[in-house]
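**Q** One structure follows; several queries about it will come next.
Pasting the structure below:
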């Protein structure tokens, strides 16, 4: 089941709670064999290393997007333009607060791994 509790009256201060209960996941190996490390000389990664590599990639992508947005704001400020309207900055601030206050609870998760070996 998926339960979503949204406190509409206090959206900016009270956390949004997402509860997932009784999940069944089927995980399969990627087509074409095991993933390989880009710096490991063809060495295949185990599950933990593969997860960490994906996490690091996501972090780098997020930093690059933030940096590009900051550079656009700086360029707009140098041109004397307003980087964004007050309504869009309020909305982005509200979204950032909601995501920052997001609570996710996962219970009774069953993971099944299948591989063609």
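In our numbering, the protein residues as written are 57 to 173.
Note that beta-carbon positions come from the ideal geometry of N, C-alpha and C, so glycine has one too.
Where do the N-terminal and C-terminal ends of the beta strand (DSSP E) with residue 171 fall, by residue?
**A** Counted from its first residue, the chain shown places residue 171 at position 115. Unbroken run through residue 171: none, as it is neither H nor E.
**Q** Grouping DSSP H, G and I as helix and E and B as strand, with all else coil, what is residue 161?
**A** Numbered from 1 along the chain shown, position 105 holds the residue referred to as residue 161. Reduced to three states, the DSSP call for residue 161 is strand.
**Q** Alpha carbon to alpha carbon, how far is residue 121 from residue 87?
**A** Reading the chain shown from its first residue, position 65 is the one you call residue 121. Reading the chain shown from its first residue, position 31 is the one you call residue 87. Taking the straight line from one Cα to the other gives about 30 Å.
**Q** Could you check what DSSP says for residue 83 in three-state terms: helix, strand or coil?
**A** Here residue 83 corresponds to residue number 27 of the chain shown, with the count starting at 1. The answer is strand: DSSP assigns residue 83 an E or B state.
**Q** For a test of the three-state rule: what should DSSP assign to residue 57, helix, strand or coil?
**A** Along the chain shown, one-based indexing puts residue 57 at 1. Residue 57 falls in the coil class under three-state DSSP.
**Q** What are the residues that DSSP puts in a beta bridge with residue 72?
**A** Position 16 of the chain shown holds residue 72. Its beta-bridge partners do not exist; DSSP assigns none.
**Q** Report the rounded CA-to-CA distance for residue 162 versus residue 76, giving the unit in angstroms.
**A** To locate residue 162, count along the chain shown from 1; it is residue 106. To locate residue 76, count along the chain shown from 1; it is residue 20. Spanning the two alpha carbons is a distance of roughly 5 Å.
**Q** For residue 169 and residue 84, I'd like the C-alpha separation in whole angstroms.
**A** For the purposes of this step, residue 169 is identified with residue 113 of the chain shown, where counting begins at 1. For the purposes of this step, residue 84 is identified with residue 28 of the chain shown, where counting begins at 1. Cα-Cα distance, rounded: 6 Å.
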